[in-house]
Each structure stands twice: as C-alpha cells, then as structure tokens.
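Peer 1:
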Amino acid sequence: GIQVEQSPPDLILQEGANSTLRCNFSDSVNNLQWFHQNPWGQLINLFYIPSGTKQNGRLSATTVATERYSLLYISSSQTTDSGVYFCAAEMNSNYQLIWGAGTKLIIKP
Amino acid sequence: DAGVTQSPTHLIKTRGQQVTLRCSPISGHKSVSWYQQVLGQGPQFIFQYYEKEERGRGNFPDRFSARQFPNYSSELNVNALLLGDSALYLCASSRRPPGTGDYEQYFGPGTRLTVT
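Next up, the structure:
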C-alpha cells in the first residue's frame, strides 16, 4: 500500500546543533506538508512543499518529487524545537493525506 | 484572523456513551477534516468535508459520523464509545479539498477524549 516513512524515529541533540529529517513516500504526491507537534498536541504548519525548496528562518525544506522524498533542515537548534515532526503527503492516486509516524526530536540545553 | 477552534478541550466519557466534538474552521476555509491521534502515533484520517458534502472517509467503523454546516463548521459524533476511542481528536481546515493543489491544512488544538 501507499506508505510515508520518516527517519530517524528519534533524535537527541545539543542546543546549537543542526539536523536533517527525512520523509520518503511510495507514490507520486500532489502536495507534502511538514508539521511540528508541540508537547501540548498542537500541530503547527511548517511547510507546504510539493516540490522545490523553501526556507523560513532557521528551518528549510526540500522536496524532490521525482525521487519521492522530502527533507526538513533545522539549523542552530533551540530547546523550543523539541517535539515531534510529521510529514504528510497527499497522494495523486486517491487524494488522501497519508502521515508518517513522526520523528521525535529532543534538544538538550 | 482566528485559527481553527475546537470544543471542548477535554472530555471524559464512559463506555457505551455518545460524544459530539465541534470544530470551527478558519474564516474563508470551506474544507474540514477530522483525525484521530492515539498517543505515540501519527494522526489517522477519519473524514473530510467540503461545501457540506463528505468527500472522503477513512477506515473507521460506522459508529463515527460527521457533518458540516452551512457556515462550514463541523461536528464529529462517536456512538457506543469504546475504551479504544480514547485519543486526541484533531480538526483541520483548508481553503479547498484535496486534489485541487490548494489543500494546505491548518489544525486546531484538538479535543482530548478519555473513555473509562
């Protein structure tokens, strides 16, 4: 079936470090979103990025649709970056939004 | 503009009872989706509505139902609650439905349902 896989599942870093989170998808997509879920459960939009590269402050994302993956870069990590990062892909085949299992990021001071 | 709002924030119900969760989308958004998120997992799609019509349904039993009103707000109903229905229920809104190239979703804070 259609799958969205995220790696790594867990990541522990010191404040100030950089990180790369990966999202692989098994089918062609209409769109791809990255979210950050804070400890209270709120899902916060990071990027809406079906293809190409976008940047927002210390965060940037790149989606290579032809190779079926997306990357989220976090530079100069802060403790407030901690939480779970999800990617969700809207598949061309059925327009359903399929979610990855998330990457749990812990930034230590 | 106000974001997506959901009510109530928390809810405790007993097995067998029924529950109604409410969602108001961002102004100008006509599409509402509902998700269930169990602790430690990603959100699971339940329903998607656009212009008051059901456009998508996930793999959930018939105990789950929803509707969208003329003002684009939405309700999710769950009947005959089971312990396994305990979860965070998330509502998301977007301007357009999936398949239109304008399906960027914005989420509310969620309703945390506990079934005892």
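Protein chains in written order, with the working numbering: chain C, 437 to 545; chain Y, 620 to 735.
The beta carbon of each residue, even a glycine, is placed where N, CA and C say it ideally should be.
Residue 543/C and residue 454/C - do their beta-carbons sit closer together than 8 Å?
Peer 2: In the first sequence, residue 454/C corresponds to position 18, counting from 1. In the first sequence, residue 543/C corresponds to position 107, counting from 1. Not in contact: residue 454/C and residue 543/C (Cβ atoms no closer than 8 Å).
Peer 1: Taking residue 522/C as the query, report the chain Y residues whose CB atoms sit under 8 Å from its CB, ordered along the chain.
Peer 2: Here residue 522/C is taken as the residue at index 86 of the first sequence, counted from 1. 661, 662, listed in chain order.
Peer 1: Per DSSP, residue 526/C forms a beta bridge with which residues?
Peer 2: As a working note, residue 526/C is residue 90 in the first sequence. In the DSSP output, where bridge partners are listed per residue, residue 526/C has 467/C, 533/C.
Peer 1: Do you know offhand how far residue 730/Y's Cα is from residue 708/Y's?
Peer 2: One-based indexing of the second sequence puts residue 730/Y at position 111. One-based indexing of the second sequence puts residue 708/Y at position 89. Taking the straight line joining both Cα atoms gives about 5 Å.
Peer 1: Please give me, in chain order, every unbroken run of the beta strand (DSSP E) with length at least 3 that falls completely inside the stretch 643 to 694 of chain Y.
Peer 2: If we require 3 residues or more, the beta strand (DSSP E) runs fully inside the stretch 643 to 694 of chain Y come out as 650 to 656, 663 to 669, 672 to 676, 683 to 687.
Peer 1: Quick one: using the 10 Å Cβ neighbour count with 16 as the cut-off for buried, is residue 445/C buried or exposed?
Peer 2: On the first sequence, position 9 is the one that residue 445/C refers to. Burial call: exposed.
Peer 1: Hey, could you find the ends of the beta strand (DSSP E) residue 722/Y is sitting in?
Peer 2: Counted from its first residue, the second sequence places residue 722/Y at position 103. Per DSSP, residue 722/Y belongs to no beta strand (DSSP E) and is neither H nor E.
Peer 1: Report yes or no: is there a C-beta of chain C within less than 8 Å of the C-beta of residue 627/Y?
Peer 2: The residue you call residue 627/Y lines up with position 8 of the second sequence. So no, residue 627/Y is outside the interface.
Peer 1: Looking at chain Y, which residues of the stretch 466 to 494 of chain C have a Cβ within less than 7 Å of any of its Cβ atoms?
Peer 2: Those residues of the stretch 466 to 494 of chain C that come within reach of chain Y (Cβ to Cβ, closer than 7 Å) are 466, 467, 469, 477, 478, 479, 481, 484.
Peer 1: Per DSSP, which one or two residues make a beta bridge with residue 623/Y?
Peer 2: Residue numbering aside, residue 623/Y sits at position 4 when the second sequence is read from its first letter. According to DSSP, which records beta bridges pairwise, residue 623/Y is partnered with nothing at all.
Peer 1: In chain C, what lies closer than 9 Å to residue 707/Y by C-beta?
Peer 2: Taking the second sequence and counting its residues from 1, the one referred to as residue 707/Y is at position 88. Result: 477.
Peer 1: Rank 663/Y, 673/Y, 629/Y by C-alpha distance to the C-alpha of residue 538/C and give the top, closest one.
Peer 2: The count along the first sequence starts at 1 and reaches residue 538/C at position 102. Nearest C-alpha to residue 538/C: 663/Y.
Peer 1: Does the stretch 620 to 630 of chain Y come within contact of the stretch 665 to 678 of chain Y, defined as at least 3 CB pairs closer than 8 Å?
Peer 2: Contact fails: fewer than three Cβ-Cβ distances are below 8 Å.
Peer 1: When you compare the CB positions of residue 472/C and residue 519/C, do they come within less than 8 Å of one another, or not?
Peer 2: Position 36 of the first sequence, counting from 1, holds the residue named residue 472/C. Position 83 of the first sequence, counting from 1, holds the residue named residue 519/C. Yes.
Peer 1: Tell me whether residue 637/Y is buried or exposed, calling it buried when 16 or more other Cβ atoms sit within 10 Å of its Cβ.
Peer 2: Counting from 1 along the second sequence, the entry for residue 637/Y is found at position 18. Exposed: under 16 other Cβ atoms inside 10 Å.
Peer 1: On a CA-only basis, which of 692/Y, 718/Y, 650/Y, 654/Y is nearest residue 678/Y? Give me that one, please.
Peer 2: Position 59 of the second sequence, counted from the start, is the residue given in the question as residue 678/Y. Nearest of 692/Y, 718/Y, 650/Y, 654/Y to residue 678/Y, Cα basis: 654/Y.
Peer 1: DSSP on residue 451/C, reduced to helix/strand/coil?
Peer 2: Within the first sequence, numbered from 1, the residue matching residue 451/C stands at position 15. If DSSP states are grouped into helix, strand and coil, residue 451/C belongs with coil.
Peer 1: If contact means a Cβ-Cβ distance below 7 Å, which residues of the stretch 527 to 541 of chain C contact chain Y?
Peer 2: Correct list: 531, 532, 533, 535, 536, 537, 538.
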